[in-house]
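Residue numbers (full-length UniProt numbering): 1 to 172.
Glycine is no exception: its CB is placed at the ideal position from the N, C-alpha and C atoms.
What follows is a set of notes on a single structure, which appears directly below.
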Amino acid sequence: MAEELSVAMSYTKDDFYCPFCQEVLKMPVWTVACQHIFCRKCLLTSMRESGTHCPLCHGNVTRREGACPEWALDLESIMRKFSSGCRCGAKQIKFYRMRHHYKPCKNYQDEYGVSSVIPHFQISQDSEGNSNTSSSDHPTFKCPLCQESNFTRQCLLDHCNSNHPFHAVPVI
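Right, here's the structure in full:
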């Protein structure tokens, strides 16, 4: 127990935030050579877009790490044990649950510009103002970020997640 406490004390609150997305780590992984820790998705996205190097210090990352990064299990277990205050309030939340807390947290949404209301996506229309529907009579949608159109709801979600993963746009 004393060893576990000394290991936990060597971490600061900032160590539980991804330097890439600036959010609490989700599925933390680390680079072997430089020991930097990121969300798994952030590291893989960065390496896919910028090459196989650390997004923070540009140190070498092996191809094996690029395909299957090393899980930071020690940090993840510490995140399950320790709490911190919500960024926008005094409520104490365990680090591993922080992202779940932010989704319904009105103070967080107001502070960081994330709307608690699901945006109303524009239904694609032809030049005469008639709404386009697919062959199965489902409405189609236009991407609010790049204006590409004729997406079903699921295709629009997939498109935004793959083509605009870190593009934050205020909804209101």
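Notebook entry, point to check: Looking at the structure shown, is SER83 part of a helix, part of a strand, or coil, going by DSSP?
Noted result: Locating residue 83 in the sequence shown gives position 83, counting from the first residue. In this structure, SER83 counts as strand in the three-state DSSP scheme.
Notebook entry, point to check: Which word fits TRP71, buried or exposed, when buried means at least 16 other C-beta atoms lie within 10 angstroms of its C-beta?
Noted result: Within the sequence shown, numbered from 1, the residue matching residue 71 stands at position 71. With fewer than 16 other Cβ atoms within 10 Å, it is exposed.
Notebook entry, point to check: Who pairs with GLN147 in a beta bridge, going by DSSP?
Noted result: Counting from one through the sequence shown, the residue named residue 147 turns up at place 147. DSSP output for GLN147 lists no bridge partner at all.
Margin query: For ASN130, which residues in the same chain have their Cβ closer than 7 Å to its Cβ, ignoring the five residues on either side in sequence?
Written below: Walking along the sequence shown from the start, residue 130 turns up at place 130. Low local confidence applies: a pLDDT of 44 at ASN130 is under 50, so the model's placement there is unreliable, with the coordinate-based value given in what follows. Excluding positions up to five away in sequence, the list is empty.
Margin query: Counting C-beta neighbours from all protein chains within 10 Å, is the total for GLU148 16 or more, i.e. buried, or is it exposed?
Written below: Taking the sequence shown and counting its residues from 1, the one referred to as residue 148 is at position 148. Per the 10 Å Cβ criterion, exposed.
Next item on the list: Give me whichever residues DSSP pairs with GLU70 in a beta bridge.
Entry: Mapped onto the sequence shown, residue 70 falls at position 70. Looking at the DSSP assignment, GLU70 forms a beta bridge with TRP30.
Margin query: Looking at the strands, I want to know which residues DSSP matches up with HIS167.
Written below: Locating residue 167 in the sequence shown gives position 167, where the first residue counts as 1. Looking at the DSSP assignment, HIS167 forms no beta bridge with any residue, so it has no partner.
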